[in-house]
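Chemist:
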Amino acid sequence: MVYFLIVNYYSQDLIQQLIESIEANKKLEQPQCFEVYIVNNSPDDTEIHALKHLFPKINIFTATQNLGFGGGCNLGLQQIYEIDKNALVWLINPDATLDPDAIAYVSQCFEQDKAIAILGTGIRDRSKKIWFHKGDFNPWIGAINENLAQLVYEEKRELGTVRTISSRWVSGCSLILNLGKFDCCPEFNSHYFLYYEDADLCERYYQQGYHVAVTEAVLVTHGVSQITDRNRVVKYRHNTFSKLYFLSQHAKPTALWLNLIYMLVKILFRLLSDRAAALGRWQGYLDFLHQWIKR
């Protein structure tokens with residue numbers, strides 16, 4: 040069984056489009072092959088419950104406060120883990136949609152390679168450009184990159200010829216956890232409110248020997264930053280803090296220092312061209328320094 044886990048933050052219209060794309064997969068899969076779980080991370084957003092009228096079988100859980108993406112996922116993962124410890128849990132962004140054959144393709148990936156614990160998918164943006172394919176991480180310089188070089192033409196994919204590629208990390212925009220491979224319920228690190236929680240999750244389990252992979256085919260379309268761009272200062276604040284925190288946990292000390300210097304220079308230059316980005320990055324920079332000093 041595939042459980043789709045969606046974290047809502049005032050995103051009812053986007054989630055409706057997402058669920059419609061999930062429902063479209065019924066043409067290729069059995070009607071009861073999946074369930075949809077929504078964690079409502081905006082407790083005063085009552086409009087999200089209107090989706091129950093359109094999709095009566097969805098499950099909605101409301102958090103007591105905004106837990107961030109990772110925290111919202113943790114709440115949903117615990118609910119699903121109690122029900123089915125062997126589930127495939129597909130974390131999917133509200134501003135994403137699935138291709139009609141996505142569930143069938145992913146199911147075949149897990150049948151073909153039973154060692155996969157974490158599987159990401161190829162992702163395109165709304166303009167059809169490749170947005171994510173394969174994640175790399177260099178702990179010596181602190182580079183957290185998205186490698187698109189191995190991507191094949193997506194229109195050539197055929198069911199029955201699925202392929203996966205080993206990846207250091209995969210995007211949380213579309214990430215499937217094979218719960219049966221874990222000794223206990225996998226969790227995101229609560230220090231990450233937004234950004235890099237996916238890279239951290241993958242890196243922690245990669246270091247423990249778990250198999251992390253990504254689909255060779257592009258299966259998901261992402262409306263990049265449709266939600267986070269609502270407040271760019273907050274976006275850059277979380278992005279900056281989370282990247283520096285990730286490096287403090289997983290990179291070499293020299294890589295962290297190099298990135299601290301680089302980030303400071305970047306903030307100064309941004310003051311001339313993008314004050315919102317500069318302010319957000321500066322706030323995130325200070326947030327990290329306060330956290331780092333208190334270690």
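Here the numbering used here is used: the first residue of the sequence shown is 40, the next is one more, and so on. All C-beta atoms, glycine included, are put in the ideal place defined by N, C-alpha and C. Just so we're clear, the structure is a prediction, and the values are computed from it rather than from any experiment.
Which value, in whole angstroms, describes the spacing of the CA atoms of N228 and I169?
Modeler: Looking at the two C-alpha atoms, the distance is approximately 28 Å.
Chemist: Could you pull the start and end residues of the alpha helix (DSSP H) that V273 belongs to?
Modeler: First-last of the alpha helix (DSSP H) with V273: 271-289.
Chemist: Rounded to whole angstroms, what is the Cα-Cα separation between F171 and T103?
Modeler: If you take the alpha carbons of F171 and T103, they lie about 32 Å apart.
Chemist: Considering Cα atoms alone, identify which of L130, Q151, D237, L299 is closest to V46.
Modeler: For the residues L130, Q151, D237, L299, the minimum Cα distance to V46 belongs to L130.
Chemist: Mind listing, in chain order, the continuous beta strand (DSSP E) runs of no fewer than 3 residues lying wholly within the region 86-153?
Modeler: Taking only runs of at least 3 residues, the beta strand (DSSP E) segments lying wholly in the region 86-153 are 98-101, 127-131, 135-137.
Chemist: What residue from Q56, N79, H289 has the CA that sits closest to N177's CA?
Modeler: Checked all of Q56, N79, H289; the closest Cα to N177 is H289.
Chemist: Taking the alpha-carbon positions, what's the I180 to I97 distance?
Modeler: Answer to the nearest angstrom: the Cα atoms are 44 Å apart.
Chemist: Which residue or residues does DSSP assign as beta-bridge partners of E185?
Modeler: Answer is G174, bridged to E185.
Chemist: So for L240, helix, strand or coil by DSSP?
Modeler: Helix at L240.
Chemist: So what does DSSP say about E59, is it helix, strand or coil?
Modeler: Of the three classes helix, strand and coil, the one that applies to E59 here is helix, per DSSP.
Chemist: Go ahead and pull the three-state DSSP assignment for H230.
Modeler: In the structure shown, H230 sits in coil (DSSP, three-state: anything other than H, G, I, E or B).
Chemist: Count the CB pairs spanning the region 200-215 and the region 236-253 that are closer than 8 Å, and state whether there are at least three.
Modeler: They touch, by the three-pair rule.
Chemist: So for V304, helix, strand or coil by DSSP?
Modeler: V304 falls in the helix class under three-state DSSP.
Chemist: Would you kindly work out how many angstroms separate the C-alpha atoms of L307 and K291, rounded to a whole number?
Modeler: Using only the alpha carbons, I get a separation of about 25 Å.
Chemist: For A315, collect the residues of the same chain with a Cβ closer than 6 Å to its Cβ; drop the 5 residues on either side in sequence, then sort them by chain order.
Modeler: Hits under 6 Å: R271, V272.
Chemist: How big is the Cα-Cα spacing for L93 and S213?
Modeler: One C-alpha to the other measures close to 23 Å.
Chemist: Work out the CA separation of L240 and Y49 for me, nearest whole Å.
Modeler: Their Cα atoms are separated by approximately 25 Å.
Chemist: Run through DSSP, which three-state label would D83 get?
Modeler: Of the three classes helix, strand and coil, the one that applies to D83 here is coil, per DSSP.
Chemist: With 16 other CB atoms within 10 Å as the buried threshold, where does V191 fall?
Modeler: Its pLDDT being 47, under 50, V191 is placed unreliably by the model, and nothing is read from it.
Chemist: My output table needs one value for S205: the three-state DSSP class, helix, strand or coil.
Modeler: Here S205 sits in strand by DSSP.
Chemist: Using 10 angstroms around the beta-carbon of H277, count the other beta-carbons present and answer buried if the total reaches 16, otherwise exposed.
Modeler: It counts as buried.
Chemist: Can you give the Cα-Cα distance for Q189 and R207, rounded to whole angstroms?
Modeler: Because Q189 sits at a pLDDT of 46, beneath the cut-off of 50, its placement in the model cannot be relied upon, and the point is left open.
Chemist: Would you kindly work out how many angstroms separate the C-alpha atoms of L158 and D152, rounded to a whole number?
Modeler: Each residue's Cα considered, the two are about 11 Å apart.
Chemist: Out of L90, L328, C148, Q247, state which residue places its alpha-carbon closest to the alpha-carbon of F300.
Modeler: The amino acid occupying residue 300 in the given sequence is Ile; Phe does not appear at that position. Closest option to I300, Cα to Cα, is L328.
Chemist: Please determine if the region 135-148 and the region 219-234 are in contact, where contact requires at least 3 C-beta pairs separated by less than 8 Å.
Modeler: Not touching, per the Cβ criterion.
Chemist: Are the Cβ atoms of G319 and Y284 separated by less than 9 Å?
Modeler: No, the Cβ-Cβ distance between G319 and Y284 is not below 9 Å.
Chemist: Sort V145, C224, N217 by Cα distance to Q118 and report the nearest one.
Modeler: Closest option to Q118, Cα to Cα, is C224.
Chemist: Going by alpha carbons, who is nearest to A182 out of C148, L127, L286, G111?
Modeler: The option with the nearest alpha carbon to A182 is L286.
Chemist: Could you spell out the range, first to last residue, of the beta strand (DSSP E) harbouring L214?
Modeler: L214 -> beta strand (DSSP E) spans 213-217.
Chemist: Can you round the beta-carbon distance between I155 and N217 to whole angstroms, since I take them to be within the 8 Å contact cut?
Modeler: Indeed they touch by this definition, with Cβ atoms about 6 Å apart.
Chemist: Apply the 10 Å Cβ neighbour rule to W321 and answer buried if 16 or more other Cβ atoms are within range, or exposed otherwise.
Modeler: When all chains shown are included, W321 counts as buried.
Chemist: Could you check whether F100 and F73 sit closer than 9 Å to each other, using their CB atoms as the reference points?
Modeler: Taking 9 Å as the Cβ cut-off, F73 and F100 do not qualify as a contacting pair.
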